[in-house]
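Asker: Just so you know, the protein sequences line up as chains A and B, in that order.
If you count the first sequence from 1, you need to add 50 to reach my numbering.
If you count the second sequence from 1, you need to add 17 to reach my numbering.
We treat Cβ as the ideally placed atom computed from N, Cα and C, and that holds for glycine.
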Amino acid sequence: MANIAHVAEHTARDLIDHLPLLQVLVPFCTAPVIVLFGSRRFAWPLAFISSVISLVISVMLMMIVREGGYISYTLGGWAPPLGIEYRIDATNAFVLMLISTIGTLVLPFAYTSIKNEIRNRDHTLLYACWMLCFTGLLGMVATGDAFNVFVFLEISSLSTYVLVAQGASKDRRALTAAYDYLIMGTIGATFFVIGLGMLYMATGTLNLADLADRIANQGANRTVRSGFAFVIVGMGLKVAMFPLHLWLPKAYTFAPSAVTVFLSATATKAALYVVMRFVFSVYNPDFSFAKNTLEIIFLPLAIIAMFSASFVAVFQVNMKKMLAYSSIAQVGYMLLGIAILNEAGLTASLLHMFNHGFAKALLFMGAGAVLVKTGVI
Amino acid sequence: MGKFFELQFLTGHIHYLLFIVLMMTGLFIVVDKTNLVKKIIGLNIFQVSVFMFYVSIGKVTDGTAPIFPMDSNYHVDQAAMQTILYSNPLPHVLILTAIVVGIATTSLGLALIVRIRESFNTIDEEDILQIEQKMTRDDNQKYKYLLRDML
């Protein structure tokens, strides 16, 4: 119903047509505005207003695509295979809604928590970084262009490293946590780019829908297969798939509470959505290598993650570390849903994404509240 | 099984081989070195290898630089336009973005190292690990006492 790809004139569009872009643009523009105002009093209200606006936009998008079908938004009026396309469908809109809801819900908590944990002069820039991270996560999910996924991934990752490092005013280990995350996150993102390069070599396109068509037509060859491996490993690092999870416990433990709440509920989910996109839309499980990867690698690793990370979590004395290990286990559950390779599994995986997003956000908020009141957790 | 070692195949794909060598060098430095600055250098080599990979896949045989044939009077050379074979500019454009990201990552990493040096007084990973392990042990002791008091 809302396919607007054919419209070339910008003037002919109304605001509703621009929703997919505004979803990403509103928080993106808020970040420099916060920095320009430079006032600590304006930072939080601006961030909150822009989060609420993106929540409203994501709900409107959800209403439009709920019945099925998709919205294709072309940036700058360039037609999709050449230009960058934002493509919103029901899955997409669902994850967007999850991220923006969490972003909006966490901010009231963040106001007190950040005031308590972080030096006053860092607040303005912290909220600017927060907005950039928010933008990156929304953009990763909204975009329909493979390289754009990488760009937004890096926007969110770079601001995440900064946000994690802010915990240094409380505990200096936040610095090394951020450094470790930076090294591993960059390796992951670079692997993802190598994968995209190979896909581009084999198909000559970067549009996700177009990629899917061409891969399906030409069948699998070695370039396409190695591209798949690189993309999955790169994104696996961001998702904190079991053997690639090492950055997560430290980063979540030493980051400021509000940042941990936000990241635990959204960052891994956005990356997981990208994995789903690549496994089910770009490639599809009809290819034996995609099916084998899911059955031979994802399935056992997901189960190991579920048990071992939960087991480790039980013995933690630090509440935030316990919840962080539990997050790794929950990611295992979500990957298991994907690896089962049927509709019920995927539905369960998406549902658990939502559940875990909210549950873990609330648990971390609880831990943060304890920290505010008692000073220790 | 065909010929395992084929010289022509190797020379034809020399840029891929070099890309892999450079990439593995970078990854090895990241994994092996304990000095945090050296790790960042390894990361840079790793990223540069990917940039080179991208640039090399944009090359079209006999293709020239993708610049529109236009002289200083803004007169488009129609004849040249028909015959010129261009290299693919898209990978170059993509990698321009990735280079910017790489610079941002490097500067952020170095900034973090400065802060780490200020608070840990070392930039060697193993020393930092020892300090952190001690901190974790102290934490655990503290939590144990707190828990005992509560119970």
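With a floor of 4 residues, list each alpha helix (DSSP H) that falls wholly inside the segment 105-148 of chain A, ordered by position along the chain.
Answerer: Fully enclosed alpha helix (DSSP H) runs of 4 or longer: not present.
Asker: Could you give the DSSP three-state label for A/Val74: helix, strand or coil?
Answerer: If DSSP states are grouped into helix, strand and coil, A/Val74 belongs with the helices.
Asker: Rounded to the nearest angstrom, what separates A/Ala160 and A/Leu213 at their Cα positions?
Answerer: In a straight line, the C-alpha of A/Ala160 is about 12 Å away from that of A/Leu213.
Asker: Given a threshold of 16 other Cβ atoms within 10 Å of its Cβ, counted over all protein chains shown, does A/Leu86 qualify as buried or as exposed?
Answerer: By the Cβ-count criterion, A/Leu86 is exposed, with fewer than 16 other Cβ atoms from all chains shown falling within 10 Å of its own Cβ.
Asker: Under 6 Å Cβ to Cβ from A/Thr253, same chain only, skipping five residues before and after it: list those, please.
Answerer: Excluding sequence neighbours, A/Thr253 sits near Leu261, Arg264.
Asker: Mind pulling the beta strand (DSSP E) runs of 3 or more residues that sit fully within the segment 290-354 of chain A?
Answerer: Entirely contained in the segment 290-354 of chain A, not one beta strand (DSSP E) run reaches 3 residues.
Asker: Any beta carbon of chain A sitting closer than 8 Å to that of B/Pro106?
Answerer: no
Asker: For a contact defined as C-beta to C-beta under 7 Å, what are the partners of A/Met251 on chain B?
Answerer: Ile74
Asker: For A/Tyr211, go through chain B and note every residue whose CB falls closer than 9 Å to its CB, in chain order.
Answerer: Thr122, Leu125, Gly126, Leu129
Asker: Note down, in chain order, each residue of its chain lying with its Cβ closer than 7 Å to the Cβ of A/Cys183, except the 5 sequence neighbours on either side.
Answerer: Ser206, Ser209, Thr210, Leu213
Asker: Can the beta-carbon of A/Asn334 be found less than 8 Å from the beta-carbon of A/Pro131?
Answerer: no
Asker: With H, G and I counted as helix, E and B as strand and the rest as coil, what does DSSP make of B/Asp141?
Answerer: strand
Asker: Can the beta-carbon of A/Gly189 be found closer than 8 Å to that of A/Val106?
Answerer: no
Asker: When we look at the beta-carbon of A/Ser399 and count the other beta-carbons within 10 Å, is it buried (16 or more) or exposed?
Answerer: buried
Asker: Could you say which of A/Asp67, A/Phe278, A/Lys300, A/Met248 lies nearest to A/Ile378 if we only look at CA atoms?
Answerer: A/Lys300
Asker: For the segment 131-143 of chain B, which residues have a beta carbon sitting closer than 8 Å to at least one beta carbon of chain A?
Answerer: Of all residues in the segment 131-143 of chain B, only Arg132, Ile133, Ser136, Phe137 come within less than 8 Å of chain A when Cβ atoms are compared, listed by chain position.
Asker: As a quick exercise: from A/Arg90, A/Ala321, A/Val102, pick the residue whose alpha carbon is nearest that of A/Ser150.
Answerer: A/Val102
Asker: For A/Ser276 and A/Phe242, what's the separation of their Cα atoms in angstroms?
Answerer: Distance from the CA atom of A/Ser276 to the CA atom of A/Phe242, rounded to whole angstroms, is 11 Å.
Asker: Counting only C-beta atoms, is A/Leu287 closer than 8 Å to chain B at any point?
Answerer: no
Asker: For the segment 269-283 of chain A against the segment 367-383 of chain A, do three or more pairs of beta-carbon atoms, one drawn from each stretch, fall closer than 8 Å, so that the two count as touching?
Answerer: Touching, no.
Asker: Run through chain B and tell me which residues come within less than 8 Å of A/Gly247, C-beta to C-beta.
Answerer: Val67, Phe70, Tyr71, Ile74, Pro108
Asker: For the segment 365-397 of chain A, list every residue whose C-beta sits within 9 Å of some C-beta in chain B, in sequence order.
Answerer: For the segment 365-397 of chain A, the beta-carbon criterion of a distance under 9 Å to any beta-carbon of chain B is satisfied by Val367, Asn368.
Asker: For A/Phe98, which residues in the same chain have their Cβ closer than 7 Å to its Cβ, ignoring the five residues on either side in sequence?
Answerer: Leu157
Asker: Using 8 Å as the threshold, is the C-beta distance between A/Ile152 and A/Ala409 below it?
Answerer: no
Asker: From B/Thr81 to A/Thr185, what does the alpha carbon distance come to, in whole angstroms?
Answerer: Each residue's Cα considered, the two are about 38 Å apart.
Asker: If the cut is a Cβ gap below 9 Å, which residues of chain A does B/Met41 touch?
Answerer: The contacting residues do not exist; B/Met41 stays about 12 Å from chain A at best.
Asker: Which of helix, strand or coil does DSSP assign to A/Ala52?
Answerer: Legend: pLDDT at A/Ala52 = 44, less than 50; position of this residue unreliable, value from coordinates given subsequently. In the structure shown, A/Ala52 adopts coil according to DSSP, grouped into three states.
Asker: Closest to B/Met40 by C-alpha separation, out of B/Ile31, B/Phe63, B/Glu23, would be which residue?
Answerer: B/Phe63
Asker: Measure the alpha-carbon distance for A/Trp129 versus A/Phe200 and round it to whole angstroms.
Answerer: Reading off the sequence shown, one finds Ala at residue 129 of chain A, where the question assumed Trp. The straight-line gap from Cα to Cα measures roughly 21 Å.
Asker: What's the gap between the Cα of A/Gly126 and the Cα of B/Ile31?
Answerer: Cα to Cα, the separation comes out at about 39 Å.
Asker: So, is the C-beta of A/Glu59 closer than 8 Å to a C-beta in chain B?
Answerer: Any answer about A/Glu59 is weak, because its pLDDT of 41 lies below 50 and its placement is not dependable; what the coordinates show is given next. A/Glu59 does not count as touching chain B.
Asker: Which residue's Cα is closest to the Cα of B/Leu60: B/Val47, B/Lys159, B/Leu129, B/Pro83?
Answerer: B/Val47
Asker: Strictly below 7 Å CB to CB, what residues from chain A border B/Ile145?
Answerer: Thr226
Asker: Rounded to whole angstroms, what is the Cα-Cα separation between A/Arg90 and A/Leu69?
Answerer: 30 Å
Asker: For A/Arg171, count neighbouring C-beta atoms within 10 Å of its own C-beta (all shown protein chains included) and say buried if the count is 16 or more, exposed if not.
Answerer: exposed
Asker: Closer than 8 Å, CB to CB, is B/Asp155 near chain A or not?
Answerer: no
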